[in-house]
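A quick write-up on the structure given underneath.
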Amino acid sequence: MRLHPLLKISRNHHPGVLLILRHYSPLSYTPPHFFHVSTRNPPRMAEDELRQSLANKQAAVDAQAAAVRDLKAQGAAGSDLDAAVESLKALKLEAAAAASQLQAAVAASNGDGSSASREAFRQSVVNTLERRLFYIPSFKIYRGVAGLYDYGPPGCAVKSNVLAFWRQHFVLEENMLEVDCPCVTPEVVLKASGHVDKFTDLMVKDEKTGTCYRADHLLKDFCKEKLEKDLTLPAEKAAELKHVLAVLDDLSAEELGAKLKEYGITAPDTKNPLSDPYPFNLMFQTSIGPSGLSPGYMRPETAQGIFVNFKDLYYYNGNKLPFAAAQIGQAFRNEISPRQGLLRVREFTLAEIEHFVDPDDKSHPKYKEVADLEFLMFPREEQLTGQAAKKLCLGEAVFTGTVNNQTLGFFIGRVYLFLTRLGIDKDRLRFRQHLPNEMAHYAADCWDAEIECSYGWIECVGIADRSAYDLRAHTEKSGVSLVAHEKYAEPREVEQLVIVPAKKELGLAFKGNQKMVVEALEAMNEAEAMEVKTALESQGQVEFNVCTLGKTVTITKNMVSVSKQKKKEHQRVFTPSVIEPSFGIGRIIYCLFEHSFYMRASKAGDEQLNVFRFPSLVAPIKCTVFPLVQQQQYEEVAKLISKSLTAAGISHKIDITGTSIGKRYARTDELGVPLAITVDSTTSVTIRERDSKDQIRVSINEVASVVKEVTDGHSTWADVQWNYPAHSAAGGEGTQ
Numbered sequence: 007m008r009l010h011p012l013l014k015i016s017r018n019h020h021p022g023v024l025l026i027l028r029h030y031s032p033l034s035y036t037p038p039h040f041f042h043v044s045t046r047n048p049p050r051m052a053e054d055e056l057r058q059s060l061a062n063k064q065a066a067v068d069a070q071a072a073a074v075r076d077l078k079a080q081g082a083a084g085s086d087l088d089a090a091v092e093s094l095k096a097l098k099l100e101a102a103a104a105a106s107q108l109q110a111a112v113a114a115s116n117g118d119g120s121s122a123s124r125e126a127f128r129q130s131v132v133n134t135l136e137r138r139l140f141y142i143p144s145f146k147i148y149r150g151v152a153g154l155y156d157y158g159p160p161g162c163a164v165k166s167n168v169l170a171f172w173r174q175h176f177v178l179e180e181n182m183l184e185v186d187c188p189c190v191t192p193e194v195v196l197k198a199s200g201h202v203d204k205f206t207d208l209m210v211k212d213e214k215t216g217t218c219y220r221a222d223h224l225l226k227d228f229c230k231e232k233l234e235k236d237l238t239l240p241a242e243k244a245a246e247l248k249h250v251l252a253v254l255d256d257l258s259a260e261e262l263g264a265k266l267k268e269y270g271i272t273a274p275d276t277k278n279p280l281s282d283p284y285p286f287n288l289m290f291q292t293s294i295g296p297s298g299l300s301p302g303y304m305r306p307e308t309a310q311g312i313f314v315n316f317k318d319l320y321y322y323n324g325n326k327l328p329f330a331a332a333q334i335g336q337a338f339r340n341e342i343s344p345r346q347g348l349l350r351v352r353e354f355t356l357a358e359i360e361h362f363v364d365p366d367d368k369s370h371p372k373y374k375e376v377a378d379l380e381f382l383m384f385p386r387e388e389q390l391t392g393q394a395a396k397k398l399c400l401g402e403a404v405f406t407g408t409v410n411n412q413t414l415g416f417f418i419g420r421v422y423l424f425l426t427r428l429g430i431d432k433d434r435l436r437f438r439q440h441l442p443n444e445m446a447h448y449a450a451d452c453w454d455a456e457i458e459c460s461y462g463w464i465e466c467v468g469i470a471d472r473s474a475y476d477l478r479a480h481t482e483k484s485g486v487s488l489v490a491h492e493k494y495a496e497p498r499e500v501e502q503l504v505i506v507p508a509k510k511e512l513g514l515a516f517k518g519n520q521k522m523v524v525e526a527l528e529a530m531n532e533a534e535a536m537e538v539k540t541a542l543e544s545q546g547q548v549e550f551n552v553c554t555l556g557k558t559v560t561i562t563k564n565m566v567s568v569s570k571q572k573k574k575e576h577q578r579v580f581t582p583s584v585i586e587p588s589f590g591i592g593r594i595i596y597c598l599f600e601h602s603f604y605m606r607a608s609k610a611g612d613e614q615l616n617v618f619r620f621p622s623l624v625a626p627i628k629c630t631v632f633p634l635v636q637q638q639q640y641e642e643v644a645k646l647i648s649k650s651l652t653a654a655g656i657s658h659k660i661d662i663t664g665t666s667i668g669k670r671y672a673r674t675d676e677l678g679v680p681l682a683i684t685v686d687s688t689t690s691v692t693i694r695e696r697d698s699k700d701q702i703r704v705s706i707n708e709v710a711s712v713v714k715e716v717t718d719g720h721s722t723w724a725d726v727q728w729n730y731p732a733h734s735a736a737g738g739e740g741t742q
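Under our numbering, read the sequence shown as residues 7 to 742, first letter to last.
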């Protein structure tokens, strides 16, 4: 009787260890050291203490060097001079050791190692991706356009598989309503959402060449480089630069410009002086129709299409809450200076969910399914006190209020499961809570799923409780009430706020601006309205801010009536809150590429071979079919197997070239193909697993069913090995 493959290792190992040994060969990938993630507090000495220690040791070196020079100038005895020189050497060694210790602490605080290591690894990944046509710069023969990329055949397949799993994991399993809205969006929609006025980044220009740069990127790069490379930086200056990085998103144009001048930051390419920062709207503007009189924009996100359709979707859902709508589509942002490959582009794919829920009840019926998950979380308290991310139980985070509510917690858990099942390393995935200066004023809570790659921690999914802001904004702008209803079993007597603008008086006072003043008065919440009422009764007038006018106006007692009236209500009318998970698909895919990539030695040991360890779920091709040699009988069997794989819906590639089998294995390993079928007889074939390189022998009639079992996830490779005889690949791996 054959032993189960796991038992070849040991009958006594812990099951978790067996699982690791089952999936990875001795040559399998170990993440580079710069990907190490620490969940503990910082080591013995804090970075500031190490900087001070280095400064003290460097001062001692300088003082001793001065003493040596004085001894030489005085013609001191040789023994005295030798002793002073030896002392100087010892102090230099101490300073060098302190510098090394500081360098390690800086690297640890950044979660990475040397930039050279990161860049070398990244270059290996990118070279492989472009050479194998996963993606390439768009319009390459015309020297390309920054921020635009084409997906080639394997890249398209990976993207398609990721999106298919997203639909399965969210839309189908959570019974969501999927919509598909236009990319071209009328200006009025994006005016209501705030994008026309506020969707900007601060830009600076090279004053001589006109080249544009994102101001915050220049300041961020300067601060990070100084912190990483300038070991003589005083602790006070290091603390200042860290503070700048922490509040970077909150700096005004004036504050950002002042910092650029203070630090002497110039244009990176030419070192020319820079202009003052000014806002640049990131949306691509267009016009709808031939007249050019109907302005529009290419949408910067897909969410607005869902919000404006809320009323119809609510009706479609039987006028019941909660419900979620989802959309996958292209979005467009005219980035000032795109960089970092697929991580910052001008056209990209978003997958967004808008989960509409009663603001008074944000529980979720399936919350218990994810409550016991434990993973890296980075609450704002830990960020503000300089601590590291730590593993937390999701249920505990919701119970203590770290995560605002159950529905938000449910989606955080589902996002974690989605990303880890795709192949994202759970130890390089964290959920970071937005700091107060990052939070929109209307948001109840926001978390980002951040994935660590060679560029550092990258935001790939945003999960936000946006309260009722979006639906209220579109209600106010469109005049269409985007609300939900809760019918009462028995009528309830309630006190209702009644605001009645005196349109005639307002018209005489404000003329063409009357409509905007009326709308602003009617949009007051209860607290604002009662403040206005009190001021009018005591003073006869009140200063009132009209946002759409951008100024404050004077409202007199005869212009508006504010009162409370008691009435019986048969239903409650309210604006739903929105929980929004938003997925940057391109960013997730790039991080997946890095997390899946490793190199292993060839069989001869004379070269390193690239491998993408994609899970079958996302692999661009599920298997390959190779006749061992160019013989007609083997080629016929290969074609027969190909036909059965097609009938089973399994993507595959057939290779009947005369190249050695080892080289063909290497080519498909580089594409991340999980299984390779080698035809070496007319009755049975071998199936090889990519990472372990183990092979089994299977009859021709069973090949398609075995491959489907493994690639669909119904069986593991170890399960299949248990059921089929092992095949020795003596000499068969060639260059492998």
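Note that CB positions come from ideal geometry on N, CA and C, so glycine has one too.
Delimiting residues of the alpha helix (DSSP H) encompassing Q639: 638-653 is the extent of the alpha helix (DSSP H) around Q639.
Determine the DSSP secondary structure at Q107, reduced to helix, strand or coil. If DSSP states are grouped into helix, strand and coil, Q107 belongs with the helices.
Specify the secondary structure class of F550 as computed by DSSP and reduced to three states. Look at F550 here: in three-state DSSP terms it is strand.
Can you tell me where the beta strand (DSSP E) holding N616 begins and where it ends? For N616, the enclosing beta strand (DSSP E) covers residues 614-618.
Can you tell me which residues form a DSSP beta bridge with H491? Beta-bridge partners of H491 (DSSP): V579.
Would you say A455 and V467 are within 8 Å of each other, going by their C-beta atoms? Their beta carbons are under 8 Å apart, which means A455 touches V467 by this criterion.
Sorted by chain position, which residues of the same chain lie with C-beta nearer than 8 Å to K211's C-beta, five sequence neighbours on each side aside? Hits under 8 Å: T217, C218, Y219, L280, S281.
What is the C-beta distance between L196 and V202, in whole angstroms, given that I count them as a contact (C-beta under 8 Å)? With 8 Å as the limit, L196 and V202 qualify as a contact, their Cβ atoms being about 5 Å apart.
Whole-angstrom distance between Y321 and A495, CA atom to CA atom: A495 and Y321 have their C-alpha atoms roughly 21 Å apart.
I312 and E387 closer than 8 Å at C-beta: Not closer than 8 Å, so no.
What are the uninterrupted segments assigned as beta strand (DSSP E) that are 3 or more residues long and contained completely in the segment 446-515, given in chain order? Taking only runs of at least 3 residues, the beta strand (DSSP E) segments lying wholly in the segment 446-515 are 451-459, 462-471, 490-507.
Just to check my reading of the structure: I662 and A644 have Cβ atoms closer than 8 Å, yes? What is that Cβ distance to the nearest angstrom? By a beta-carbon distance limit of 8 Å, I662 contacts A644. Their separation comes to about 6 Å.
Grab me the residues of A535's own chain with a C-beta within less than 8 Å of its C-beta, minus the 5 sequence neighbours each way, in chain order. Excluding sequence neighbours, A535 sits near L503, I505, V568.
How would you label V579, buried or exposed, when you count the other beta carbons within 10 angstroms and need 16 or more for buried? So V579 ends up on the exposed side.
Roughly how many angstroms lie between the CA atoms of R128 and V716, to the nearest whole one? Linking R128 to V716 through their CA atoms gives a straight-line distance of about 31 Å.
Should T684 go down as buried or exposed, given a rule of 16 or more other Cβ atoms within 10 Å for buried? Buried, since its Cβ has 16 or more Cβ neighbours within 10 Å.
If I'm right that F437 touches M522 with Cβ under 8 Å, what's the distance once you round it to whole angstroms? Wrong, their Cβ atoms sit about 41 Å apart, outside the cutoff.
Measure the C-alpha to C-alpha separation of K98 and P240 and round it to an integer number of angstroms. P240 has its alpha-carbon roughly 19 Å from the corresponding atom of K98.
On the three-state DSSP scale, how would you describe E380? For E380, the three-state secondary structure derived from DSSP is strand.
Assign C553 to one of two classes, buried (16 or more other C-beta atoms within 10 Å of its C-beta) or exposed (fewer than that). Its Cβ having fewer than 16 others within 10 Å, C553 is exposed.
Taking DSSP as the reference, what is the three-state secondary structure of D86? Residue state for D86 is assigned as helix, using DSSP reduced to three classes.
By alpha-carbon positions, which one of D222, P159, S487 ends up nearest to V250? Closest by C-alpha distance to V250, out of D222, P159, S487, is D222.
Mark N616 as exposed unless 16 or more other C-beta atoms lie within 10 angstroms of its C-beta, in which case mark it buried. Buried.
Using 10 angstroms around the beta-carbon of A332, count the other beta-carbons present and answer buried if the total reaches 16, otherwise exposed. Result: buried.
Three or more C-beta pairs under 8 Å: does that hold for the segment 182-197 against the segment 291-304? Yes, the segment 182-197 touches the segment 291-304.
State the DSSP-derived secondary structure class of T2, mapped to helix, strand or coil. The structure shown does not extend to residue 2, since the chain is modelled only from 7 through 742, so no value can be given for it.
How about S648 and I660: do their beta carbons lie closer than 8 Å? Yes. Within cutoff.
Check whether A90 and L77 have beta carbons under 8 Å apart: In this structure, L77 lies closer than 8 Å to A90 by Cβ.
Taking the CB atoms as reference points, tell me whether I585 and T413 lie closer together than 8 Å. Yes.
Can you say whether S734 is buried or exposed, counting buried as having 16 or more other CB atoms within 10 angstroms of its CB? When all chains shown are included, S734 counts as exposed.
Taking only three categories from DSSP, how would you classify H370? Of the three classes helix, strand and coil, the one that applies to H370 here is coil, per DSSP.
Out of E482, R498, S484, A474, point me to the one whose CA is closest to A490's CA. The shortest Cα separation from A490 among E482, R498, S484, A474 belongs to A474.
Check C162 in the structure and name its three-state DSSP category. Helix at C162.
Over what stretch of residues does the alpha helix (DSSP H) that includes I595 continue unbroken? Element bounds for I595: 591-602.
Out of curiosity, what's the CA-to-CA distance linking E501 and E444? Those two C-alpha atoms are separated by around 37 Å.
Whole-angstrom C-beta distance between K396 and F381, which should lie under 8 Å: Not confirmed; about 10 Å, so no contact.
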